[in-house]
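**Student:**
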Amino acid sequence: MNDKVLIIAIFSLLGVGILAVLVIAVPWLVGYALPNWKDSLLDSGIVIVAIFMFVYGFYMNTKIH
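Just so we're aligned, residue 54 is where the sequence shown starts under this note's numbering, counting upward by one.
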């Protein structure tokens with residue numbers, strides 16, 4: 054693994070972690086998602102999966118070219 058791939062992987066993981074905290078943990082702590090937490094968790098999970106797929110696709114595209 055070269056340095057470029059390692060840096061991209063680290064920043065991707067950090068980006069996904071920050072988005073996960075902002076989308077899931079902050080509303081949960083504030084109490085916004087408390088009345089309907091199952092639907093909010095499902096929506097947040099769909100967003101996280103979509104972001105992960107985008108980052109993985111971007112990584113694969115840079116690896117191919």
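A virtual CB, placed ideally from N, CA and C, is assigned to each residue, including glycine.
1. When you compare the CB positions of residue 97 and residue 117, do they come within less than 8 angstroms of one another, or not?
2. Secondary structure at residue 114, three-state DSSP: helix, strand or coil?
3. Compute the Euclidean distance between the alpha carbons of residue 66 and residue 89, then round it to the nearest angstrom.
4. Pull up the distance between the alpha-carbon of residue 104 and that of residue 55, whole angstroms please.
5. Using the C-alpha atoms, what's the distance from residue 83 back to residue 63?
**Tutor:** Here's the rundown:
1. The beta carbons of residue 97 and residue 117 sit no closer together than 8 angstroms.
2. helix
3. 28 angstroms
4. Distance from the CA atom of residue 104 to the CA atom of residue 55, rounded to whole angstroms, is 24 angstroms.
5. 29 angstroms
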